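The sequence shown begins at 4 in my numbering and counts up one residue at a time. Ideal placement from N, C-alpha and C gives every residue a C-beta, glycine not left out. Remember, predicted model here, so these are calculated numbers, not experimental data. Comments concern the structure below.
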Amino acid sequence: MRLAGLDGLPDAVSRPGYTPADHGIGIVHLGLGAFHKAHQAAATDAALAAEDGNWRICGVSLRSPEAAAQLGPQNGFYTLIERSAEGSRAQVIGSIAQALCLGPDRAEVLAALTAPTTRIVSLTVTEKGYGLSRATGGVDEAHPAIAHDLAAPEAPIGVAGLLVWALKARRAEGTPPFTVLCSDNLPENGHLVRGLLVDFARRTAPEMAEFIASEVAFPSTMVDRITPAATPETLAAAEAMLGVRDEAAVETEAFTQWVIEDHFPTGRPAWEAAGAMFVADVKPYEEMKLRMLNGAHSMLAYAGFLAGHRHVSDVMQDAPLAALVRRHIVAAAATLPPLAGVDLAAYTEALTVRFANPHLRHQTYQIAMDGTEKLPQRILSPTEAAISKGHSIEPFAFAIAAWMRYAMGKTEAGETYALRDPREDELRQLIAVTDDTATIVSNLMGLPGLFPTSLAACPDLHRSVTSKLETMCQNGMANAISIEARESSRDPGRRGQRRESA
Ligand code: CS2
C-alpha cells in the first residue's frame, strides 16, 4: 500500500489542518527537492491551516523525473519526519498539489507559469542552477542552460530562460507578473536573480529588461533548515510510522528559520504561521547564516570527509575538529556587524548543538559538493572582512586549505571520489600540473572568477593556506586537524588578532 490520501493514518501522524482539495494553486516552485519539502512546502502547509487562500504549490523539477514520479502517484502527499533529541515526529504535508518534470510535462509547466492564478514563482535550484556570472552579476554564457536558452529563448530549459519567457507571455496577455522568490543560499538572492533575469532579457527580449527591473518583485530571503538527502532508511522509517509506503518521505531537524523581505505585490501565504519573520532588509541575516552556519558546514565537510567522518554528527564527536568548527563559527561571527535582536553567541551555541544532532544522518560528502559555487559567500567574503578588520585569517585559511585538499579528489587511502563540482575538470587540471603545494595554492586561487583579487594577491593568506595544505598532505587530515586545534588553543591571540607577521 502506498500513501495517496489522509484516510487511515495512525493518530501519532499529524496531517494538514485544512482540506487540501479546497485550495487552488498560487505558487509554482522550481527545484522540487528535499529542502523545499522540508522548508517552504511545510511552511505553506502551516499557512494554509492558519488562513484561507489558494496557495498550494505546483512543484517542478527542471531535469530529474524522480520527484514527480515519487509525488505524483501520492497526490502530492508526503511525510516530513522531524528528528531531534526529543524523538521523531511524522507529519503528512498537503501543500503540494501537483508535481511535474519540465521534460515530459513541458506544456503543463508553461501553463502553470503563465496562469493568472500563479502569483509567486519560488526557486531552490542550488547555487549552480542559475547560471549566474559572479564577475558581472549577469548571465554566465558558458552555463549549459543559459547557452541553450540564449540560442533558443522560445524553448527555454533553465531558470532565466523560463522566467523571462513566462513574464513576457504574461505581459502580452495583460496578466500581472508573479513575484520571484529565490530560496537558495546566495547573498542577497533576490537582487542576484533580478540581475540575472534583467541581463537575460536584455539579450533575448530587450523590451522586457526595464519591465523586469522595475515591475517584478524579487524579495530576498534567508532560509534555514538542515535537510539531508533522503535515503532508503528515511523511507523505511516513514513506512514504520505511517503503516504505508511513502516514496517521497524526507527527514529534517526540528529547527526551522525563514527571514523574508515583505515585498509581495500580488499577495503571499500567511507564512508567519510557520514562524517566518518579515523584515525590511534580509542581508544581515543572510550574511550571518551564510558565514556562520554554511561556512562552518563547508569547512567541516572537507576536513571531516578526509578525516574519515561520514556524517556531520561524527565530526562533532571528534574533539579537535569540533573545536575548529567552533573556532570557525566564532571567527565568522566576528566579521559581522551587530544585528539588533540577535545574540550571535547564542546562535553559535545553537549551531554546535544542531550540527551534533545524532538523529540526523547528514553526510559530509553531500555538503562538500559544488565548492566553487559555495566558497565565495561562505568562506571568501568573511575572509576579506576579517582581513579588513585586522582579525586572524587562520580559521579561514584552514577552511580554504581543506577545500583545496578535498579538490585533489583522492582519500588518504588512495581512493578517488567525484568532486561533484561544476568546475571539476578545471580543478583537476590545475592540481595535476604540479606537485608543488605553493603552486597548487596559486593555481586554485587564480581560478577565474573564484577568489577576489584582494585575496588572490594576499601574501599572508597564500602563505598560511600553503603551510596548512602542506601539513594536510604530509601528515594526513586527522593529524593536521589536531595540529591546528593545538596551535589555536596555545595561541589565543591568533584567534582575534592578525599576527604581526612579515
Ligand atoms: C549545507 C546546506 O549542503 C550544504 O551546503 O551547508 O544545505 C545547509 O544544510 C542548509 O543551508 C541549512 O539551512
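Compute the beta-carbon to beta-carbon distance between residue i and residue j, rounded to the nearest angstrom, for a pair I have assumed lies under 8 Å.
i	j	result
E218	E85	Incorrect: roughly 39 Å between the Cβ atoms, too far for contact.
L65	L33	6 Å
H42	T259	7 Å
L83	A50	No, L83 and A50 are not in contact; Cβ-Cβ is about 15 Å, not under 8 Å.
R5	G29	Not a contact, Cβ separation roughly 27 Å.
A212	V201	5 Å
A150	E144	6 Å
T437	L472	Incorrect: roughly 13 Å between the Cβ atoms, too far for contact.
T127	D48	At roughly 16 Å, the Cβ-Cβ gap does not stay under 8 Å, so T127 and D48 are not in contact.
A359	I484	Actually they do not touch by this definition, with Cβ atoms about 17 Å apart.
C461	I390	7 Å
E490	F401	That belief does not hold up - the Cβ atoms of E490 and F401 are roughly 10 Å apart, past 8 Å.
D433	N446	A quick correction: the sequence has Leu, not Asp, at residue 433. Indeed they touch by this definition, with Cβ atoms about 4 Å apart.
G193	E250	Their Cβ separation, rounded to whole angstroms, is 33 Å, which puts G193 and E250 out of contact at 8 Å.
Among the residues of its own chain, which have a CB less than 6 Å from the CB of residue i, if the five just before and after it don't count?
i	result
L303	V318, V328
T414	none
R92	E85
Y288	M225, V262
Q101	C61
R381	L293, N297, G298, S301
T237	A252, E254
P23	G97
H266	A220, P222
T178	P119
D152	P159, G161, G164
R228	A41, H42, T255, T259
A169	L116, T117
A283	none
A481	A310
Among residues of its own chain, excluding the 5 on either side of residue i, which ones have a beta-carbon nearer than 8 Å to its beta-carbon?
i	result
E429	L450
G307	V315, D317, V318, D321, L324, T367
L354	M295, L296, A299, I332
P385	R294, G298, A334, A335, T338, F399
G8	N78, F80
L378	S301, I403, W406, L453
S492	A326
T375	D424, P425, R426, L430, L450, L453
R174	P180, M211, F214
Take residue i and list the residues in its own chain whose beta-carbon comes closer than 7 Å to its own, dropping the five residues that flank it on each side.
i	result
P455	L383, E387
R501	Confidence is the limiting factor: at R501 the pLDDT is only 44, short of 50, which leaves the residue's position unreliable and the question unanswerable from this model.
V31	C61, V63, A115, L116, T121, V124
A172	T117
G198	G140, G141
H312	V318, D321, T367
L12	R18, V95, L245
G27	N57, R59, T120
T469	T440, A441, V444
R357	I229, E256, F258
L166	V124, V183, L200
L189	E130, L195, Q380
G270	R122
Quiz prompt | 4-residue-minimum alpha helix (DSSP H) runs that sit fully inside the region 258-337, ordered along the chain | solution = 286-291, 298-309, 315-318, 322-337
Practice problem: Only counting runs of 3 or more residues, tell me where the beta strand (DSSP E) segments fall wholly within the region 70-158, in order along the chain. | Solution: 81-87, 90-96, 99-104, 123-126
Quiz item: Within the chosen definition, does the region 204-212 reach the region 234-249 through at least 3 CB pairs nearer than 8 Å?
Solution: no
Quiz prompt | At least three beta-carbon pairs within less than 8 Å, the region 281-298 to the region 222-241 | solution = yes
Quiz item: Should the region 15-27 be regarded as contacting the region 228-236, the criterion being three or more beta carbon pairs within less than 8 Å?
Solution: no
Quiz item: What runs of the alpha helix (DSSP H), each 4 residues or longer, lie entirely inside the region 344-401?
Solution: 347-359, 367-370, 374-378, 384-392
Quiz item: When the Cβ atoms of the region 160-174 are set against those of the region 129-136, are three or more pairs found closer than 8 Å?
Solution: yes
Exercise. Determine, using beta-carbon pairs with one atom in the region 334-350 and one in the region 403-411, whether at least three such pairs fall under 8 Å.
Key: no
Quiz prompt | Length at least 4, wholly inside the region 26-71: the alpha helix (DSSP H) runs in chain order | solution = 37-41, 43-53
Quiz item: Curious, which full-length alpha helix (DSSP H) runs of at least 4 residues does the region 413-440 contain?
Solution: 427-435
Quiz item: Okay, do the region 103-114 and the region 70-83 touch, 3+ Cβ pairs below 8 Å being the bar?
Solution: yes
Quiz item: Counting Cβ pairs closer than 8 Å, one from the region 416-431 and one from the region 362-376, do we hit at least three?
Solution: yes
Quiz item: Does the region 132-151 come close enough to the region 52-59 that 3 or more CB-CB pairs lie under 8 Å?
Solution: no
Quiz item: Which ranges would you report for the alpha helix (DSSP H) in the region 220-245 if only whole runs of at least 4 residues count?
Solution: 235-245
Quiz item: Enumerated in chain order, which unbroken segments of the alpha helix (DSSP H) with a length of 4 residues or greater are wholly contained in the region 460-485?
Solution: 462-478
Quiz prompt | Completely contained alpha helix (DSSP H) runs for the region 153-196, where each covers 4 or more residues | solution = 162-176
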